[in-house]
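For the sequence shown, counting from 1, position 114 maps to 114 in UniProt numbering; every step adds exactly one.
Even for Gly, the Cβ is constructed at its ideal location relative to N, Cα and C.
Since we're looking at a predicted model, the values are computed, not measured.
Notes for the one structure printed next.
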Amino acid sequence: VTSDPCPLCVQVRLQTQSAASPVYRGTVDCIAAIIKQESVKGLYKGLTSPLYGIAFINAIVFGVEGAVHRHMRDKTSLWSHFRSGALAGLAQTVICSPMELAKTRMQVQGQGESRLRFAHVRHAYTGPVDCLVKIFRAEGVRGVFRGLTITACREAPSFGVYFCSYEYLCRLLVRIGATATPPAANANSDPQLHHHLSIPMLLVAGGMAGICAWVSTYPIDVIKSRVQADMTNKYTGFWDCCRKSYGEMGVAVFTRGLGSTVLRAFPVNAATFGVVSLILRSCNVPSDDDGSYDWSMYVLRNYPDATLHLSHIANFPSCP
1 VTSDPCPLCV QVRLQTQSAA SPVYRGTVDC IAAIIKQESV KGLYKGLTSP
51 LYGIAFINAI VFGVEGAVHR HMRDKTSLWS HFRSGALAGL AQTVICSPME
101 LAKTRMQVQG QGESRLRFAH VRHAYTGPVD CLVKIFRAEG VRGVFRGLTI
151 TACREAPSFG VYFCSYEYLC RLLVRIGATA TPPAANANSD PQLHHHLSIP
201 MLLVAGGMAG ICAWVSTYPI DVIKSRVQAD MTNKYTGFWD CCRKSYGEMG
251 VAVFTRGLGS TVLRAFPVNA ATFGVVSLIL RSCNVPSDDD GSYDWSMYVL
301 RNYPDATLHL SHIANFPSCP
């Protein structure tokens, strides 16, 4: 629920509105207009689409990042966290892209309609599943995966920055003594680094990492939203959308909705890392010498009779 507050709908509306006849002047105006015209429910359009897939996506991201990071030679370098994060982001693109397509289409339909008209007019899609089914029938598999390449171009570097910046911020907080840290702890190589930080500090690091990740690839996200919202074949692809959008609105088009995105990014990612940390700590999942949470050792210790191929179990990353 934290991952989809009302600013998400606002972000998409601001990104995709027409330059010739803009409906909203900014974040606050967008929120006020949606409530006035579509009621509070309008702010949560497309909510069910992310709810269907966000848990699965996070499981893939954290699992893949941990598994890949365990095979890095220099596990303490920030570059290793960037590379493993980038591969994790790429791995979940195949699920993320259709999910965001349905979310975007749901959020832009009925835009600008009065509350009375919105309540009585039958719109194209009744929900995310209905949306994807109708897109598949009309455009085939290619339509369902519209914007897949752009999503991959956004997710890979974004998640690389995400995990890299989180690791860096955790080390920084340890260095400045934000919490009680053993004097001998080395902030760059201590495998128990994240155990030295309190939950509030982990929340701060997670929230700021989320902001860094979004800002680093936000222009790509704007183009992705515009391509996926396009139902008239106005754009033939990424570069065509970039060229036409720039021609209509100038450089400002690449930062439309950034304010609402930053507003959303901090609590979402603070909650994500905070919850993962609490779960792993409550399970007493041990951390091995490379700083990864060794899930297989936890299973062996608590379920000695489990018939599992432990070598195939992904180890969660140290972050966390």
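- Task: Please say whether Leu148 and Ser97 have beta carbons closer to each other than 7 Å?
- Result: A contact, by the Cβ cut-off of 7 Å.
- My guess is that Ala265 and Gly210 are in contact by the Cβ rule of under 8 Å, so how many angstroms apart are they, rounded? Yes, they are in contact, since the Cβ atoms of Ala265 and Gly210 sit about 4 Å apart, within 8 Å.
- Query: Taking DSSP as the reference, what is the three-state secondary structure of His69?
  - Reply: Here His69 sits in helix by DSSP.
- Beta-carbon spacing of Met99, Gly53 below 7 Å: Result yes, Cβ atoms of Met99 and Gly53 sit closer than 7 Å.
- Task: Would you mind stating whether Leu172 and Gly274 have Cβ atoms separated by less than 7 Å?
- Result: In terms of Cβ geometry, Leu172 and Gly274 do not form a close pair [threshold 7 Å].
- Task: Give the range of the alpha helix (DSSP H) segment to which Asp130 is assigned.
- Result: For Asp130, the enclosing alpha helix (DSSP H) starts and ends at Pro128 to Val144.
- Are the beta-carbon atoms of Arg105 and Cys131 separated by less than 7 Å? yes
- Task: To the nearest angstrom, report how far apart His81 and Gln109 are at their CA atoms.
- Result: Looking at the backbone, the Cα of His81 and that of Gln109 are separated by about 39 Å.
- Task: Could you spell out the range, first to last residue, of the alpha helix (DSSP H) harbouring Cys283?
- Result: It is not in any alpha helix (DSSP H) - Cys283 carries neither H nor E in the DSSP assignment.
- Message: When you compare the region 133-147 with the region 68-82, are there three or more beta-carbon pairs, one atom per stretch, that lie closer than 8 Å?
- Response: no
- Going by the CB atoms, is the gap between Leu78 and Tyr168 shorter than 7 Å? yes
- Message: Rounding to the nearest angstrom, what Cα-Cα distance links Tyr298 and Phe136 in this structure?
- Response: At Tyr298 the pLDDT is 43, less than 50, meaning the model places this residue with poor confidence; the figure from the coordinates comes in the next sentence. Answer to the nearest angstrom: the Cα atoms are 43 Å apart.
- Query: Looking at C-beta atoms only, is the number of pairs between the region 244-257 and the region 17-32 that lie closer than 8 Å three or more?
  - Reply: yes
- Query: Can you tell me the Cα-Cα spacing of Tyr293 and Ile279, whole angstroms?
  - Reply: Because Tyr293 sits at a pLDDT of 47, beneath the cut-off of 50, its placement in the model cannot be relied upon, and the following sentence gives the value as read from the coordinates. Taking the straight line from one Cα to the other gives about 12 Å.
- Item | Distance between beta carbons of Ser277 and Thr217, contact taken as under 8 Å | Going by Cβ atoms, the distance from Thr217 to Ser277 rounds to 25 Å, so no, they are not a contact pair.
- Task: State the start and end residues of the unbroken alpha helix (DSSP H) segment that holds Asp240.
- Result: Phe238 to Met249
- Out of Thr76, His123, Pro200 and Thr27, point me to the one whose CA is closest to Cys164's CA. Thr76
- Message: By the three-class DSSP mapping on this structure, what secondary structure does Ala124 have?
- Response: coil
- What are the start and end residues of the alpha helix (DSSP H) that includes Thr217? Here the alpha helix (DSSP H) through Thr217 covers Ile199 to Ala229.
- Message: Assuming contact is defined by CB atoms lying nearer than 7 Å, are Val12 and Gln107 in contact in what I supplied?
- Response: yes
- Item | Minimum C-alpha distance to Pro22 - residue among Gly257, Val268 and Thr272 | Taking each of Gly257, Val268 and Thr272 in turn and checking the Cα distance to Pro22, the smallest one comes out for Gly257.
- Does the beta-carbon distance from Phe254 to Val204 come in below 7 Å? no
- Query: With C-beta atoms as the reference, is Leu90 less than 7 Å away from Ala152?
  - Reply: yes
- 6 Å CB neighbourhood of Gly42 in its chain, flanking five on each side removed: Ile34
- Message: Which of the three DSSP states is assigned to Gln11 in this structure?
- Response: helix
- Item | Rounded straight-line distance, which links the Cα of Gly63 to that of Val10 | 31 Å
- Task: Whole angstroms is fine: what's the gap from His123's alpha carbon to Lys103's?
- Result: For the pair His123 and Lys103, the Cα-to-Cα distance works out to about 14 Å.
- Looking only at its own chain, which residues have a Cβ that is under 6 Å from the Cβ of Gly140, when we skip the five neighbours before and after it? none
- Message: On the DSSP letters alone, give me the boundaries of the alpha helix (DSSP H) that Thr151 sits inside.
- Response: Leu148 to Arg175
- Query: Taking 6 Å as the line, does the beta carbon of Val23 fall inside it for any heavy atom of the ligand NAD?
  - Reply: Inclusion of the ligand NAD in the displayed structure is not the case, the ligand content being empty and no account of it being possible.
- Message: Using only CA atoms, which one of Cys283, Ala270, Glu38 and Ser39 lies nearest to Cys212?
- Response: Ala270
- Backbone CA spacing between Met208 and Arg73 [nearest angstrom]: 27 Å
- Item | Candidates Ala86, Leu197 and Lys36: closest to Ile176 by CA position | Leu197
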